[in-house]
Structure formats: structure tokens, C-alpha cells
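Undergrad:
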Ligand code: HEM
Ligand code: HEM
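Residue numbers (this note's numbering): 367 to 585.
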């Protein structure tokens, strides 16, 4: 049934780097707040925001598999994908599958909401995010509460994310993890390799994103 397979690069280095830096940063952000190292939390949070802005731009100008237009399929296809979860041809999606695409959008939206609200939140009398001074007390309290509670929603989404990857491995025998590390996936030889964008373009977009954050935090 399974014909000849080739190892095809489906994830570019910028997406993989973005992903693993992001995962490490979320842990570090939690730990820095837990240890009350707020200066560190702010700097790490700003780096996270710059990575998110980069990923947003990469979703428009980046490699084929990174583009929103490629991986956001009509909700109907996402449901059909889930309905045929056990039966579906296994392991042959080039990039995010139709259900995974929506999960990615949800994760990115929650991460953006977390990072942006952090800029305006206040930790205590002496410590606050760089844009907290723009808010009156009631709005500051509201944004800080949002930052606290959105983290739990984000955590729930991350748990679903990890359970989904586990389910693909166990039920469908589809290893999504290996491609996110190596970039490559074994796919039928007839598969058209996705078009990958230049890493230099990624670097330029990241530098622009970092510059944007550097300006935003001085407002
Ligand atoms: C703080 C934790 C994490 C966050 C916020 C997170 C977020 C994300 C996001 C936003 C994507 C989409 C990547 C893109 O298109 O740019 C993604 C994909 C992915 N993540 Fe994570 N992730 C986390 C932890 C992990 C961990 C620990 C693993 C390993 C088990 C993992 C495995 C994957 C895989 C395999 C994909 C690709 C899924 C696919 O093939 O469609 N993630 N993750
Ligand atoms: C995605 C990125 C971020 C994550 C995952 C994150 C996570 C967290 C967590 C878990 C807390 C503890 C909440 C609590 O004590 O109940 C917290 C608090 C806080 N964070 Fe962040 N944070 C992020 C980005 C930022 C950024 C960019 C800033 C500002 C530059 C920031 C500023 C704050 C402040 C002021 C607090 C104390 C107020 C509060 O407890 O809600 N955070 N953050």
C-alpha cells in the first residue's frame, strides 16, 4: 500500500527555531514570575512578543507551510479531518493538517493576548509592565487580572496541543514531533515539496519585529 517514500523538508528553520524558543520562553516566563524576578519576566516577555510578531509576518511572507493561507482550511475540512481521524491516510500531511491549523491559530492568539496584556499589567506597587503608566487604576487592575487568567487558558490550550500530538502518535502512528525538530518528514515520492522562503528574509523580518517591540515599550 505504501509506495516509495522520500524525506522531504516541510518545516523551515525559522518556524522550528520559533517553536522551540517559544516553548522554552513560556516555561522561563512562568518561572521568572514564580521567583518574583519581574525585570527578567518583562525582558523575556518582550522577546516573546517580538517572536510572535515575527511569526505573524512569516504567516504572510514566509515558507508555504508557514503561511496562514496554506494551513487555515474551512472549518468543515477541520471537522471532516477529525471525523476520519482513525481512518485517514496516515502521516501524509505536508505541514499542519486542517484541524491542527486552527489549533495553531488559537495558540498564537492566546500568546499574543498574553504578551500584549503583560505590557500593561502591574505586578505590585513597585513593579509594572512598560506601558502600565498609560492606564488608570481600574483598567490596570482589569488588564492584570486578564494577564493572570489568560495564562490558565493558554496552559489548557498547550495541554490540548500536547495531547493531540500524543494522540497522532498513538492512534494514527503519525510522528509530528520529528519533523518539528529535523524539518523533514517521510512522504510519498509523488508529494510536491513545499516552497521554502529565504532564512535571510526571516532574519530581516525578525529584526523589524524586535525593533518594533523596542519602540513600543518606550511609549
Ligand atoms: C509552551 C509550550 C508550547 C507552545 C506555546 C507551543 C506552540 C506551538 C505553535 C504556535 C505551533 C505552530 C508552529 C508554527 O506553525 O509556527 C506548534 C506546533 C507544534 N508543536 Fe508546539 N508548543 C509548545 C510545546 C510543544 C512541545 C513540548 C512539543 C513536543 C512534544 C510540541 C510539539 C509541536 C509539534 C510537533 C508541532 C507541529 C504540529 C504539526 O505538525 O502540525 N510543542 N506548537
Ligand atoms: C506570552 C508571554 C507571557 C507569559 C506566558 C506570561 C506569564 C505570566 C504569568 C504566569 C504570570 C503570573 C500570574 C499570577 O501571578 O497569577 C504573569 C504575571 C505578570 N506578567 Fe507576564 N507573561 C508574559 C508576558 C509578559 C510581558 C510581555 C510583560 C510585560 C513586559 C508581562 C508582565 C507581567 C506582569 C506585570 C505580571 C504581574 C501581574 C499579574 O500577575 O498578572 N508579562 N505573567
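Where a beta carbon is used, it is the ideal one built from N, C-alpha and C, also for glycine.
1) Measuring CA to CA, which of 423, 402 and 374 is closest to residue 380?
2) Less than 8 angstroms separating the beta-carbons of residue 519 and residue 415?
3) Could you check whether residue 583 and residue 496 sit closer than 8 angstroms to each other, using their CB atoms as the reference points?
4) Is it true that the CB of residue 427 sits closer than 8 angstroms to the CB of residue 529?
5) Check whether the Cβ of residue 385 sits closer than 7 angstroms to any heavy atom of ligand 1, and report yes or no.
6) Mark residue 400 as exposed unless 16 or more other C-beta atoms lie within 10 angstroms of its C-beta, in which case mark it buried.
7) Please identify the residue among 547, 436 and 375 whose C-alpha is closest to the C-alpha of residue 387.
8) Count the other CB atoms within 10 Å of the CB of residue 429; is the residue buried (16 or more) or exposed (fewer)?
9) From residue 402 to residue 382, what does the alpha carbon distance come to, in whole angstroms?
10) Going by DSSP, name the residue or residues bridged to residue 494.
11) Taking all protein chains shown into account, do 16 or more other C-beta atoms lie within 10 angstroms of the C-beta of residue 514, making it buried, or fewer, making it exposed?
12) Listed in chain order, which residues are found with a beta carbon closer than 7 angstroms to a heavy atom of ligand 1?
13) Around the C-beta of residue 504, are 16 or more other C-beta atoms found within 10 angstroms, so that it is buried, or is it exposed?
14) To the nearest angstrom, report how far apart residue 540 and residue 569 are at their CA atoms.
15) Rounded to the nearest angstrom, what separates residue 367 and residue 538 at their Cα positions?
16) Tell me which residues share the same chain as residue 559 and place their Cβ nearer than 6 angstroms to its Cβ, disregarding the 5 neighbours each side in the sequence.
17) Taking residue 565 as part of the alpha helix (DSSP H), name the residues at either end of that continuous run.
18) At a cut-off of 7 angstroms, is residue 434 close to ligand 2 when judged by its beta-carbon and the heavy atoms of the ligand?
19) Around the Cβ of residue 507, are there at least 16 other Cβ atoms within 10 angstroms (buried) or fewer (exposed)?
20) Looking at residue 575: is its Cβ nearer than 8 angstroms to the Cβ of residue 420?
21) Under the three-state reduction of DSSP, which class applies to residue 459: helix, strand or coil?
TA: In brief:
1) Check the Cα spacing between residue 380 and each of 423, 402 and 374: the tightest is with 423.
2) The criterion of a C-beta distance shorter than 8 angstroms is not satisfied by residue 519 and residue 415.
3) For the pair residue 496 and residue 583, the CB atoms are nearer than the 8 angstroms cut-off.
4) Annotated as distal: residue 529 and residue 427, with beta-carbon spacing of 8 angstroms or more.
5) In this structure, residue 385 has its beta carbon less than 7 angstroms from a heavy atom of ligand 1.
6) So residue 400 ends up on the exposed side.
7) Residue 387 has its Cα closest to that of 547, out of 547, 436 and 375.
8) Of the residues assessed, residue 429 falls on the buried side of the cut-off, its CB having 16 or more other CB atoms within 10 angstroms.
9) Taking the Cα positions, residue 402 is about 30 angstroms away from residue 382.
10) In the DSSP secondary-structure assignment, residue 494 is bridged to 488.
11) It counts as exposed.
12) Cβ-based neighbours of ligand 1 within the cut-off: 381, 384, 385, 388, 389, 392, 393, 421, 432, 461, 462, 463, 466, 470, 473, 474, 477, 524, 527, 528, 531, 542, 543, 545 and 546.
13) By the 10 Å Cβ count, residue 504 comes out exposed.
14) Residue 569 has its alpha-carbon roughly 31 angstroms from the corresponding atom of residue 540.
15) Reliability of the predicted coordinates at residue 367 is poor, the pLDDT of 47 falling under 50, and the value obtained from them is presented with this limitation in mind. Residue 367 and residue 538 have their C-alpha atoms spaced approximately 16 angstroms apart.
16) Correct list, in chain order: 374.
17) Per DSSP, residue 565 belongs to the alpha helix (DSSP H) from 565–582.
18) Relative to ligand 2, the beta carbon of residue 434 is positioned no closer than 7 angstroms to any heavy atom.
19) Flag for residue 507 reads exposed.
20) Against a cut-off of 8 angstroms, the Cβ pair of residue 420 and residue 575 comes out as a contact.
21) Residue 459 sits in coil when the DSSP states are folded into three classes, being neither helix nor strand.
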